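In this note's numbering, the protein residues as written are 1 to 98. The beta-carbon is built from N, C-alpha and C at its ideal position, and this holds for glycine as well. Since this is a predicted model, take the numbers as computed values, not measurements. Input: a single structure, listed below in structure tokens.
Below, the structure is given as structure tokens:
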């Protein structure tokens, strides 16, 4: 009595078309797994790039804010120096006249 499932005989298991079909199924399964893995890797890489871009964007905002703050302070200092220079120039001019 034959114990093989659904009419599959030992001779049909060794047929080239069945082996080719099984090989193709195994190959397709492996390929599908590899593609799924690559897609997941690409997705993770994309998420990481977006995270890094966001972090760099925040750092650049902080740096720009710091630069603008320092620039405002320097402008204020420059205005004070100009006023002192103007005051000294007027005083010097008065000393020459008087």
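task = Express the C-alpha separation of residue 15 and residue 108 in angstroms, rounding to a whole number.
result = Summary: the structure shown does not reach residue 108, with the chain confined to residues 1 through 98, and so no result is reported for it.
request  = Could you give the DSSP three-state label for residue 17: helix, strand or coil?
outcome  = Looking at residue 17 - three-state DSSP - the assignment turns out to be helix.
query = Where residue 36 and residue 29 are concerned, what is the direct C-alpha to C-alpha distance, given to the nearest angstrom?
reply = Cα-Cα distance, rounded: 11 Å.
task = Give the straight-line distance between the Cα atoms of residue 57 and residue 46, rounded to the nearest whole angstrom.
result = Approximately 16 Å, taken between the alpha carbons.
request  = Please report how far the alpha carbon of residue 82 lies from the alpha carbon of residue 43, in whole angstroms.
outcome  = Looking at the two C-alpha atoms, the distance is approximately 58 Å.
ask   = Tell me which same chain residues have a C-beta within less than 7 Å of the C-beta of residue 66, skipping the five on either side of it?
value = Cβ neighbours of residue 66 beyond the five flanking positions: none.
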